[in-house]
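Worksheet: the structure to be examined is printed underneath.
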Amino acid sequence: MVAFFYSIKESILNLTIFAVMNGIFLFIGGPEIFVILLIVVMLFGADKIPEIARGLGKGMRQIKDATNDIKREINESAKSQGIDTDFVRDINKEVNEVKDNIDDFTGPIKRNR
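Residue numbering for the sequence shown follows the numbering used here, starting at 146 and increasing by one per position.
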């Protein structure tokens, strides 16, 4: 009986992590999630849920690894072509210049609370 509740606890944790990482909780509340988990337990059984969660986790990891590989290949290709891919640094530089210009024009703004 303890193993049953432990496997359900582990499964709920894995499904919750999966759902949070993928933004599934956007329009689903607590009662709906509970009903969905109850249906999953009834359909697959408590002993299959960890196996399903592991499969989902492996699939998510493979997708993440594939996207990281694609990003790395794009960056390497751009660097070999002589293209600067560090545009975030340039954007931050521009934003900081605009902030400095605004501070020079208006002066520092202080809020009274």
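Built from N, CA and C at the ideal position, the CB exists for glycine as well.
This structure is a prediction, so every number in the text was calculated from the model and none was measured.
Check                                                                                                                            : Outcome
How long is the line joining the alpha carbons of F232 and I173, rounded to whole angstroms?                                     : 37 angstroms
Which word fits I194, buried or exposed, when buried means at least 16 other C-beta atoms lie within 10 angstroms of its C-beta? : buried
Distance, Cα to Cα, G227 vs K216?                                                                                                : 16 angstroms
The alpha helix (DSSP H) that contains I184, what's its start and end?                                                           : G175 to F189
Do I197 and F189 have their CB atoms nearer than 9 angstroms?                                                                    : yes
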